[in-house]
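Scroll down for the structure; my scribbles are underneath it.
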Amino acid sequence: MNIPSCFSGLRGRLKTDAPLGMRSWFRTGGAADCLFVPKDSDDLSTALRQRPDTMSLTVLGACSNIIIRDGGIEGLVIRLAGGFADIDVEQDGLIVGAAALDVTVAETAAHHGLAGMEFLVGIPGSIGGAVAMNAGAYGRDMAAILDWVELLTSEGKPLRLPAHELTMSYRHTSLPKGAVVTRARLKGTPDNPAAITERMTAIRTSREESQPLRTRTGGSTFRNPDGHKAWELIDQAGCRGLIQGGAQMSEKHCNFMLNLGQASSADLEQLGTIVRQRVYDTSGISLQWEIKRLGRPTI
Numbered sequence: 001m002n003i004p005s006c007f008s009g010l011r012g013r014l015k016t017d018a019p020l021g022m023r024s025w026f027r028t029g030g031a032a033d034c035l036f037v038p039k040d041s042d043d044l045s046t047a048l049r050q051r052p053d054t055m056s057l058t059v060l061g062a063c064s065n066i067i068i069r070d071g072g073i074e075g076l077v078i079r080l081a082g083g084f085a086d087i088d089v090e091q092d093g094l095i096v097g098a099a100a101l102d103v104t105v106a107e108t109a110a111h112h113g114l115a116g117m118e119f120l121v122g123i124p125g126s127i128g129g130a131v132a133m134n135a136g137a138y139g140r141d142m143a144a145i146l147d148w149v150e151l152l153t154s155e156g157k158p159l160r161l162p163a164h165e166l167t168m169s170y171r172h173t174s175l176p177k178g179a180v181v182t183r184a185r186l187k188g189t190p191d192n193p194a195a196i197t198e199r200m201t202a203i204r205t206s207r208e209e210s211q212p213l214r215t216r217t218g219g220s221t222f223r224n225p226d227g228h229k230a231w232e233l234i235d236q237a238g239c240r241g242l243i244q245g246g247a248q249m250s251e252k253h254c255n256f257m258l259n260l261g262q263a264s265s266a267d268l269e270q271l272g273t274i275v276r277q278r279v280y281d282t283s284g285i286s287l288q289w290e291i292k293r294l295g296r297p298t299i
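In the UniProt record's numbering, the protein residues as written are 1 to 299.
What follows is the structure, encoded as structure tokens:
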């Protein structure tokens, strides 16, 4: 596939038929029709302005909580890197790029004595995705610390929105359709760095004990329904350790899906479908995916 003629003058890396599977934490999936890694916000804005309305747009971050389907992702795929991972420290908060890893943000905040962001050490991924899905863990979420977010609209126009205009709810943030998060400001509270680090250590220990961290996984597979825990419903449905092809629901934490080594994305998605049906059959509750499934099933 050739570079689409609509794109010109871009300074970042633009590649067609770009393999994506090894970028995913599951290590599965096909290629991007067209992958663009912009140099900076201006470069990204140019690409968004030049993209035809008929060309679909997908933004990838750390690829921690997604299944990239085996047929790859159609249209334009944007991956933020480089300067999009910058972190600027202020007296009562951090201004962070969308590509900054959640754990790096938590560690930076702790080093500078800013409390309130400790929970980010327990969330795999990057800040752009955390903002877009109102990521949370250990009793806190992004809504509790977000001051404002900067983004580029689907037409490439810069926009800053205060958190109170985003209608943030459980695992959801209302962003303009097609918008790309570029930066966010996170609020912090001054505290003793040693005390903050101690709380982060406790979170890390808890995760290590309860989650299959050293495996090919994508984090929590399903959202917790109101008044229920997804893992308990999955366990009660007899799905702990359930295998489909090369995919398995973890024995250690049964709301985590694993690639045992040879799984396809189809195996993972089919396993999730089976689990959802069994949970519905036993409880009457329809689990909702937390992991995003992107792209074409096959080509």
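Don't be surprised by glycine CBs; every beta carbon is placed ideally from N, CA and C.
Closer than 8 Å, CB to CB, is residue i near chain D or not?
i: residue 102; result: Among the chains in the structure shown there is no chain D, since it carries only a single protein chain.
Do residue i and residue j have their C-beta atoms closer together than 8 Å?
i: residue 119; j: residue 203; result: yes
i: residue 27; j: residue 259; result: yes
i: residue 303; j: residue 113; result: Coverage of the chain is limited to positions 1 through 299, which leaves residue 303 absent and any answer about it impossible.
i: residue 99; j: residue 76; result: no
i: residue 271; j: residue 230; result: no
i: residue 126; j: residue 141; result: no
i: residue 71; j: residue 186; result: no
i: residue 32; j: residue 47; result: no
i: residue 265; j: residue 246; result: no
i: residue 54; j: residue 34; result: no
i: residue 97; j: residue 85; result: yes
i: residue 304; j: residue 124; result: The structure shown does not extend to residue 304, since the chain spans only 1 to 299, so no value can be given for it.
In the DSSP assignment, what are the bridge partners of residue i?
i: residue 259; result: 216 and 247
i: residue 87; result: 96
i: residue 7; result: Residue 7 is not bridged to any residue.
i: residue 137; result: 140
i: residue 180; result: 152
i: residue 294; result: 68
i: residue 190; result: 114
i: residue 231; result: For residue 231, which the question treats as bridged, DSSP gives no partner whatsoever.
Output needed for residue i: all residues of its chain with C-beta closer than 6 Å, excluding positions within five of it in sequence on either side, in chain order.
i: residue 312; result: With the chain running from 1 to 299 in the structure shown, residue 312 is simply not present.
i: residue 83; result: 40
i: residue 306; result: What the structure shows of the chain is the stretch from 1 to 299, and residue 306 is not part of that stretch, so it cannot be assessed.
i: residue 179; result: 151 and 153
i: residue 217; result: 256 and 258
Pull up the CB-CB distance for residue i and residue j, whole angstroms please, since I reckon it's below 8 Å.
i: residue 115; j: residue 243; result: Going by Cβ atoms, the distance from residue 115 to residue 243 rounds to 42 Å, so no, they are not a contact pair.
i: residue 146; j: residue 163; result: 4 Å
i: residue 290; j: residue 134; result: With 8 Å as the limit, residue 290 and residue 134 do not qualify as a contact, their Cβ atoms being about 11 Å apart.
i: residue 69; j: residue 294; result: 7 Å
i: residue 20; j: residue 73; result: 7 Å
i: residue 78; j: residue 59; result: 5 Å
Between which two residues does the beta strand (DSSP E) containing residue i stretch?
i: residue 19; result: 13-19
i: residue 160; result: 158-162
i: residue 75; result: 73-79
i: residue 150; result: 146-152
i: residue 68; result: 66-68
Here's a check: name, in chain order, each residue in its chain whose Cβ is nearer than 7 Å to the Cβ of residue i, leaving out the five neighbours to either side.
i: residue 239; result: 249, 254, 275 and 278
i: residue 117; result: 105, 106, 109, 145, 186 and 188
Please work out which residues of its chain come closer than 8 Å, Cβ to Cβ, to residue i, disregarding the five sequence neighbours upstream and downstream, and give them in chain order.
i: residue 139; result: 119
i: residue 174; result: 166, 167 and 168
i: residue 121; result: 102, 103, 106, 107, 200, 203 and 204
i: residue 252; result: 210, 211 and 212
i: residue 285; result: 225, 228, 233 and 279
Could you tell me the boundaries of the alpha helix (DSSP H) in which residue i lies?
i: residue 43; result: 41-50
i: residue 33; result: Segment 31-37 is the beta strand (DSSP E) holding residue 33; no alpha helix (DSSP H) there.
i: residue 320; result: Within the shown structure, residues of the chain are numbered from 1 to 299, placing residue 320 beyond reach of any answer.
i: residue 242; result: No alpha helix (DSSP H) contains residue 242, which DSSP labels as neither H nor E.
i: residue 271; result: 265-283
i: residue 57; result: Per DSSP, residue 57 belongs to no alpha helix (DSSP H); it is in the beta strand (DSSP E), 57-60.
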